[in-house]
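Residue numbers (our numbering): -5 to 45.
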């Protein structure tokens, strides 16, 4: 009984490690996208006015 619980706990912890890494990566990509969009929004009028 205890052995099965340990296997289950180990499986859950391994899943959480992968899930947290994946979520962290996705949030990092999303934050980078927001920053790039902000830069484009600031520079876009300058590009349009020079044409």
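Even glycine gets a Cβ: it sits at the ideal position worked out from N, Cα and C.
All values reported here derive from a predicted model rather than from experimental measurement.
- Whole-angstrom distance between residue 36 and residue 7, CA atom to CA atom: 43 Å
- Message: To the nearest angstrom, how far is the alpha carbon of residue 12 from that of residue -4?
- Response: 25 Å
- Item | Range of the contiguous alpha helix (DSSP H) that encloses residue 20 | For residue 20, the enclosing alpha helix (DSSP H) begins and ends at -4 to 44.
- Query: Once you ignore the five residues that flank residue 24 on each side, which residues in its own chain have a CB closer than 8 Å to its CB?
  - Reply: Excluding positions up to five away in sequence, the list is empty.
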